[in-house]
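Counted the way our numbering counts, the sequence shown spans residues 374 to 477. Below is one structure, written out as structure tokens; comments come after it.
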Amino acid sequence: MTDAEHGPLRLIIHAADEASLARARNNARNLLSAEPTAAVEIVVNGPAVAAALAIPDNTDTLLRLCANTLARQDLEAPAEIARVKAAVLYIAQRQRDGWAYMRA
């Protein structure tokens with residue numbers, strides 16, 4: 374099958390700590406460089422949320438911050454960074470919808 378028959382590549386990259394956030398950002402950049410039509414989202418929870426807020430990056434538009442983590446850690450995120458209700462729920466929904474999953 375060709376890429377056109379498969380539809381666009383859709384990938385969720387899960388980052389749960391600072392090191393995995395750095396890997397996720399690099400993986401997203403590399404994927405989009407190789408496959409510009411790919412849809413990529415970096416789902417961030419746990420300690421990675423504070424790291425994402427402390428270390429701005431050009432991949433911030435790809436981030437999906439866990440609202441549960443934001444509340445639990447008493448953190449505020451800029452309005453331009455997307456939030457999801459619960460990282461685990463969002464990942465499960467995306468997988469159900471055909472997105473591939475990668476843990477960074």
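Ideal Cβ placement from N, Cα and C applies to all residues, glycine included. What you are looking at is a predicted structure, and each value in this text was computed from that prediction instead of being measured.
Start and end residues, alpha helix (DSSP H) containing residue i
| i | result |
| --- | --- |
| L382 | Here L382 belongs to no alpha helix (DSSP H), and DSSP marks it neither H nor E. |
Sub-9 Å separation of residue i and residue j beta-carbons
| i | j | result |
| --- | --- | --- |
| A389 | V417 | yes |
| A477 | S393 | yes |
| L384 | A411 | yes |
| L382 | E408 | yes |
| H387 | A460 | yes |
Bounding residues of the beta strand (DSSP E) (the contiguous stretch that carries residue i)
| i | result |
| --- | --- |
| A473 | 473–476 |
Opposing strand residues paired with residue i [DSSP bridges]
| i | result |
| --- | --- |
| A388 | V417 |
Task: Three CB pairs or more closer than 8 Å across the region 393–403 and the region 419–438 - done: yes
Open item on the list: I'd like to know if the region 407–426 and the region 435–447 are in contact, where contact means that at least 3 CB-CB pairs between them fall below 8 Å.
Closed with: yes
Open item on the list: With a threshold of 8 Å, are at least 3 pairs of Cβ atoms found where one atom belongs to the region 467–476 and the other to the region 443–454?
Closed with: no
Task: 3 or more residues per run - each beta strand (DSSP E) lying fully within the region 397–471 - done: 412–417, 436–439, 455–457
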